[in-house]
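Structure, as structure tokens:
In my numbering, the protein residues as written are -7 to 411.
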């Protein structure tokens, strides 16, 4: 069944940090409607598509009424009457309407809110679950499993209280486990971690992404307390679960060196790589994300050459879900994995294109949330629809994170019932 866009309406709402973001409703000529809201990052790459903010006195300049106005007065009338099944055509129409390389005219947040809403509307018009619609639309093999989650148990860097350099410390269940089992493992370890922190004199405050933000003395302490929680919960590190890391190295890159609490002196690129080597061997890391500064291409090549056979080297700020930067990374062998965030590029179709390019070159594509989230669960369906091996939706608290995990529970049940 085909359906055309009748009305597009946008409003300003708040994200999980209490900051403004864009919510858009698309109403179809059939009478059905969908609603989509977009996330926002705290630790953002320089090369991301532009998130349009108001820059005035309201909301400390962080309002999005300009983006909302662009949807209501410019994008909406432009896409009215278009067939929602034509995702790529609609996305390209918005890109052309914007007319800039980084979507700075209309705003990537404005464009993405419409793009996601159109995708949801296509699923509604087709009367199929969103994840199946995405799979068919993107030409992906229908998923027979739900992605394995990267649970962000400890938040540091810009997501924490400031005393840990690295931004995210991940718990990753073995990929041979069902999502339901992975979730149980994650929750049990998370709760044991909650009990372990006070014994080290650390706080149990929660960060932007639902992980703990303890006042530990070093980054190594974070891994040690996670190990303690894993064993207390009755699981085996390196068998049942593994660790991963999002360094967000841009935040501790100072004057060409890396400044971390675990070393008394700033580290060169080579010394930073050796530090990661020691972490990999000691804590069985299966992923290192944003291990180096976002424009240190030479360093990334060396990092991947030396550690890429033992772990997934993931580019986030390095690649920003951008086709051109991804193709450069592939050509240089600067990583072997990419973090996928739709709001870094601004449309669903461009996000799918980046995933396909990565996979066609043997790279992992990890589907990710942002630090400023909403209760929208599109990204959960998107990870299943694109048949991702891994997904990253934060810690195991805060409603906007749990909403994604609960959606994956339901999807897994549907997949099992249909098999």
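Think of the CB as a built atom: it goes at the ideal place given N, C-alpha and C, for glycine as much as any other residue.
Residue from the options whose Cα sits closest to the Cα of residue i
| i | options | result |
| --- | --- | --- |
| residue 211 | 237, 223 and 203 | 237 |
| residue 116 | -5, 10 and 101 | -5 |
| residue 215 | 192, 331 and 202 | 192 |
| residue -3 | 112, 309, 362 and 307 | 112 |
| residue 276 | 341, 20 and 228 | 228 |
| residue 382 | 20, 289, 400 and 14 | 400 |
| residue 379 | 273, 129, 101 and 102 | 129 |
| residue 331 | 341, 338, 340 and 314 | 314 |
| residue 138 | 363, 367 and 359 | 359 |
| residue 84 | 338, 165 and 2 | 338 |
| residue 17 | 54, 72, 58 and 32 | 72 |
| residue 46 | 68, 86, 4 and 31 | 4 |
| residue 304 | 284, 311, 295 and 329 | 329 |
| residue 78 | 118, 94, 69 and 39 | 118 |
| residue 177 | 197, 245, 374 and 232 | 232 |
| residue 226 | 197, 185, 213 and 108 | 185 |
Start-to-end residues for the beta strand (DSSP E) that takes in residue i
| i | result |
| --- | --- |
| residue 17 | 12 to 20 |
| residue 165 | 160 to 165 |
| residue 144 | 140 to 147 |
| residue 384 | 382 to 386 |
| residue 307 | 304 to 307 |
Cα-Cα separation, residue i to residue j
| i | j | result |
| --- | --- | --- |
| residue 256 | residue 89 | 52 angstroms |
| residue 140 | residue 171 | 6 angstroms |
| residue 318 | residue 190 | 42 angstroms |
| residue 446 | residue 324 | Any question about residue 446 goes unanswered here, given that the chain covers just -7 to 411. |
| residue 302 | residue 267 | 15 angstroms |
| residue 194 | residue 120 | 47 angstroms |
| residue 261 | residue 251 | 11 angstroms |
| residue 179 | residue 166 | 15 angstroms |
| residue 60 | residue 188 | 45 angstroms |
| residue 309 | residue 292 | 12 angstroms |
| residue 44 | residue 56 | 7 angstroms |
| residue 136 | residue 407 | 6 angstroms |
Sheet register partners of residue i (DSSP bridge)
| i | result |
| --- | --- |
| residue 5 | 13 |
| residue 238 | 160 and 281 |
| residue -4 | 75 |
| residue 29 | 15 |
| residue 204 | 146 and 198 |
| residue 364 | 32 |
| residue 245 | 250 |
Boundaries (first-last residue) of the alpha helix (DSSP H) holding residue i
| i | result |
| --- | --- |
| residue 232 | Element bounds for residue 232: n/a, residue is neither H nor E. |
| residue 105 | 100 to 118 |
| residue 222 | 211 to 224 |
| residue 127 | 122 to 130 |
| residue 174 | 171 to 191 |
| residue 376 | 370 to 377 |
| residue 293 | 289 to 299 |
| residue 400 | 391 to 410 |
| residue 322 | 315 to 324 |
| residue 58 | 57 to 62 |
Which complete alpha helix (DSSP H) runs does the segment 330 to 361 hold, if anything under 4 residues is left out?
334 to 337 and 340 to 352
Taking only runs that begin and end inside the segment 255 to 279, name each unbroken alpha helix (DSSP H) of 4 or more residues, in chain order.
261 to 275
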